[in-house]
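Residue numbers for the sequence shown follow UniProt numbering, so the first one is 1 and each next one is one higher.
One structure is given here, and the rest of the page talks about it.
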Amino acid sequence: MVDLFLGRSLVCNNRDRVEYDTEREVILRLQNRILLLFFGSADCQRCQEFVPTLKDFFKRLTDEFYMERSAQLVLLYISLDQSEEQLESLLKELPKKCLFLTHDDPYRRELESMFEVEEVPRVVVLRPDCSVLSPNAVSEISSLGTDCFHNWQVCVCVMDIVCVCVCIMYVCVKCAFNVCVYISNVCV
């Protein structure tokens, strides 16, 4: 997932508007995390109605008040607003830990096209390897709350286990047959 944003400037929605623009900073913020790409617009009524739900969802998973250990989750707002003022008005409603791309960053439109966003609000959930876990999680977040994050974590872990087993089995093809049989039995 980190590769998707290398060379880009991500801004934190805090008072200081801290900018993460070096490769090292982007990697530290995104590596090994589930990423929520929130596509929205201030002039969209459904977006305005969904933002409090998204904010509460994110806060419950990342705030130490609610969690013993903060979830490995990043929220990135991809503004489809027509103006900087609209972007700013929606940012006021989003969590302070939320990241965003600046209004003048053309990469916003590339992401919109890449993830085939046709209507907002839309939350694309990405695994740490940048594959899509959920193409639109708005209804999941609204109906399941934080339980959907736990479901995503399970999916990510299962995929990691399957990938490790496939890699081990592939390596085994090059080794002795007995070792291959042993490892494939362990993976199953």
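Using N, Cα and C, we set each Cβ at its ideal position, and we do this for glycine too.
Under 9 Å between C-beta atoms of residue i and residue j
i	j	result
proline 135	arginine 46	no
residue 208	serine 79	Residue 208 is absent from the model: the chain starts at 1 and stops at 188.
valine 154	leucine 37	no
phenylalanine 39	phenylalanine 149	no
valine 11	threonine 102	yes
glutamate 110	proline 52	no
Pairwise C-alpha distance: residue j and residue i
i	j	result
valine 130	phenylalanine 100	Checking the sequence, you will find cysteine at residue 130 rather than valine. About 17 Å.
leucine 6	glutamine 31	11 Å
arginine 17	serine 9	12 Å
phenylalanine 65	lysine 59	9 Å
isoleucine 141	phenylalanine 57	7 Å
leucine 126	asparagine 13	20 Å
valine 117	arginine 24	29 Å
proline 95	lysine 55	6 Å
lysine 97	aspartate 63	10 Å
tyrosine 20	aspartate 104	16 Å
glutamate 84	asparagine 151	35 Å
leucine 4	serine 41	22 Å
serine 89	glutamate 119	20 Å
valine 162	valine 156	Since pLDDT at valine 162 reaches only 43, below the 50 mark, its modelled position is unreliable, and the value read off the structure follows with that caveat. Roughly 10 Å between the two C-alpha positions.
Secondary structure of residue i, DSSP reduced to three states
i	result
tyrosine 20	strand
cysteine 47	helix
arginine 108	helix
leucine 99	strand
arginine 33	coil
phenylalanine 5	helix
cysteine 12	strand
valine 74	strand
Beta-carbon separation (whole angstroms), residue i vs residue j, contact threshold 8 Å
i	j	result
methionine 67	leucine 61	6 Å
proline 128	isoleucine 34	7 Å
leucine 91	tyrosine 107	That belief does not hold up - the Cβ atoms of leucine 91 and tyrosine 107 are roughly 17 Å apart, past 8 Å.
phenylalanine 50	valine 138	6 Å
Check: residue i C-beta below 8 Å from any heavy atom of the ligand GDP
i	result
aspartate 21	This structure lacks the ligand GDP, and indeed carries no ligand of any kind.
Residues that DSSP places opposite residue i in a beta bridge
i	result
residue 197	For the chain, the structure presents residues 1 to 188; residue 197 sits outside this window and is missing.
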